[in-house]
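Notes to accompany the following structure.
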Amino acid sequence: MSLLADNVETTAAPLAASEQPVARTSGSSAAMRRLARWWVLVPLAIVLLWAVIPSMFTGHDPITGVPADKLLAPSSEHLFGTDHLGRDVFSRVVYGTRQTLLTAGLACLIGSIVGSILGLLAGTAGRFADSAAMRLVDVILAVPAFLIALILVTATEPGPLSLGLGVGIASIAAFARLVRTEVLRVRSRDFVQAALMSGGGYFTVLRRHIIPHVIGPVLSLLAVDLGAAILAISGLGFLGFGSPPPTPEWGLLISEGRQYLSVAWWLTTLPGLVIVAAVMLMATLGRAVNKVFRF
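Those letters in the sequence shown? Residues 19 to 313, by this note's numbering.
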């Protein structure tokens with residue numbers, strides 16, 4: 019027995035020793051997977067810091083320029099060059115981030131809250147509520163989202179508030195359809211049926227069992243919708259429906275630079291690349307959030 023025990027101990031020890039590198043390797047690979055998934059947070063954090071403390075990234079005045087420095091090409095002194103009034107373009111991009119993100123955030127807030135409420139009612143409040151909510155969604159989907167925003171902005175006073183309201187109303191349909199689909203999927207699960215059969219009330223089951231499983235896809239869509247809102251708001255700002263000059267705004271910067279495109283390509287190209295990068299980063303974040311909450 020002692021020999022058998024010794025054999026067992028001697029064979030078990032090398033196995034334990036050999037398993038340690040595997041555990042370290044698996045731990046490092048898991049960390050690498052997490053890093054590969056959430057790398058997008060680093061550039062997004064930089065963009066967020068642009069909106070919160072823009073003075074940390076540039077020392078140039080975004081409103082007042084130096085006439086002697088007009089239409090300078092990108093350099094170490096002016097990363098994005100200067101415009102026709104001698105203003106630093108990078109400074110205007112950085113300071114314009116706050117206005118663009120606040121308007122896009124307002125749009126996403128309106129779309130996600132109203133759309134989620136409609137989707138929850140459609141999925142849980144019976145056939146009449148489902149039919150009424152979905153007909154409203156069909157009406158919104160019948161008109162292009164950009165056209166809805168354009169109509170609302172032109173019908174009211176142009177500005178950040180009307181921009182956010184118009185883009186937000188246009189995004190209600192996407193959230194309503196997503197939430198309704200997820201609610202119908204989760205509602206058929208056994209644990210929801212068991213909660214209802216055990217006497218759980220409507221709001222209790224909704225709060226404890228349905229909403230926690232719906233919040234993940236909503237957050238994923240929220241990230242993607244924020245990128246779409248940035249693109250729509252920049253487009254409307256390009257058409258002149260955003261903040262009036264000289265207030266820096268991403269769409270307005272491209273609109274101002276198009277007149278000098280032949281002699282100063284950086285006035286439109288570099289702010290445009292910032293917009294494209296922000297939209298792509300938000301889409302990447304949405305995919306990462308969807309993978310985390312997928313079940």
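Note that the Cβ used here is the ideal one computed from N, Cα and C, for glycine as well. These numbers come from a predicted model, not from an experiment.
Practice task
State buried or exposed for Met300, treating a residue as buried only when at least 16 other CB atoms are found within 10 Å of its CB.
Solution key: As a first step, residue 300 is located in the sequence shown; it is residue number 282 there, counting from the start. Result: buried.
Exercise for the section: On the DSSP bridge assignment, give the partners of Thr100 in chain order. Expected result: Sequence index remark: in the sequence shown, residue 100 carries index 82 (1-based). Paired residues: Asp106.
Practice task
Helix, strand or coil for Gly258, going by three-state DSSP, please let me know.
Solution key: As a first step, residue 258 must be located in the sequence shown, where it is residue number 240. It is coil, neither helix nor strand.
Exercise for the section: Might you give, ordered along the chain, the residues of its own chain that have their beta carbon closer than 7 Å to the beta carbon of Ala241, omitting 5 neighbours on each side? Expected result: Reading the sequence shown from its first residue, position 223 is the one you call residue 241. Counting only Cβ-Cβ distances below 7 Å, and skipping sequence neighbours, we find Met300, Leu303, Gly304, Val307.
Practice task
Note the first and the last residue of the continuous alpha helix (DSSP H) segment covering Phe75.
Solution key: Working through the sequence shown from its first residue, we reach residue 75 at position 57. In this chain, Phe75 is not harboured by any alpha helix (DSSP H), its DSSP state being neither H nor E.
Practice task
Assign Ala143 to buried or exposed, taking buried as 16 or more other Cβ atoms, counted over all protein chains shown, within 10 Å of its Cβ.
Solution key: Here residue 143 is taken as the residue at index 125 of the sequence shown, counted from 1. Taking all protein chains shown into account, Ala143 has fewer than 16 neighbouring C-beta atoms within 10 Å of its C-beta and is therefore exposed.
Exercise for the section: Might you give, ordered along the chain, the residues of its own chain that have their beta carbon closer than 6 Å to the beta carbon of Pro176, omitting 5 neighbours on each side? Expected result: Taking the first residue of the sequence shown as 1, we reach residue 176 at position 158. If you ignore the 5 residues before and after Pro176, its C-beta comes within less than 6 Å of the C-beta of Phe259, all in its own chain and listed in chain order.
Handout entry: Chain-order list of residues whose beta-carbon lies under 7 Å from that of Pro61 (same chain, five-residue window excluded)
Key = Taking the sequence shown and counting its residues from 1, the one referred to as residue 61 is at position 43. When the five nearest sequence neighbours on each side are left out, the beta carbons in the same chain lying within less than 7 Å of the beta carbon of Pro61 are those of Leu299, in order along the chain.
Exercise for the section: On a CA-only basis, which of Asp79, Trp56, Leu257 is nearest Leu103? Give me that one, please. Expected result: What you label residue 103 is simply residue 85 of the sequence shown in a count that begins at 1. The shortest C-alpha separation from Leu103 is found at Asp79.
Practice task
Whole angstroms is fine: what's the gap from Trp268's alpha carbon to Ala295's?
Solution key: The count along the sequence shown starts at 1 and reaches residue 268 at position 250. The count along the sequence shown starts at 1 and reaches residue 295 at position 277. The straight-line gap from Cα to Cα measures roughly 13 Å.
Handout entry: Ala250, DSSP secondary structure in three states
Key = Counting from one through the sequence shown, the residue named residue 250 turns up at place 232. It is helical.
Practice task
Work out the CA separation of Gly245 and Thr43 for me, nearest whole Å.
Solution key: If you number the sequence shown from 1, residue 43 lands on position 25. If you number the sequence shown from 1, residue 245 lands on position 227. With a pLDDT of 48 at Thr43, under the threshold of 50, the modelled position of that residue is not reliable, and the figure given next carries that caveat. In a straight line, the C-alpha of Thr43 is about 36 Å away from that of Gly245.
Handout entry: Buried versus exposed call for Thr115 [16 or more other C-beta atoms within 10 Å across all chains shown]
Key = Here residue 115 is taken as the residue at index 97 of the sequence shown, counted from 1. With 16 or more other Cβ atoms within 10 Å, it is buried.
Problem - For Ala63 and Phe311, the rounded distance between their alpha carbons - result: The sequence position of residue 311 within the sequence shown is 293, counting from 1. The sequence position of residue 63 within the sequence shown is 45, counting from 1. Looking at the two C-alpha atoms, the distance is approximately 22 Å.
Exercise for the section: Determine the direct distance from the alpha carbon of Trp57 to that of Ile81, and round the result to whole angstroms. Expected result: Position 63 of the sequence shown, counting from 1, holds the residue named residue 81. Position 39 of the sequence shown, counting from 1, holds the residue named residue 57. Taking the straight line from one Cα to the other gives about 33 Å.
Handout entry: Helix, strand or coil at Ala143 [DSSP, three-state]
Key = The count along the sequence shown starts at 1 and reaches residue 143 at position 125. Three-state DSSP puts Ala143 in coil, outside helix and strand.
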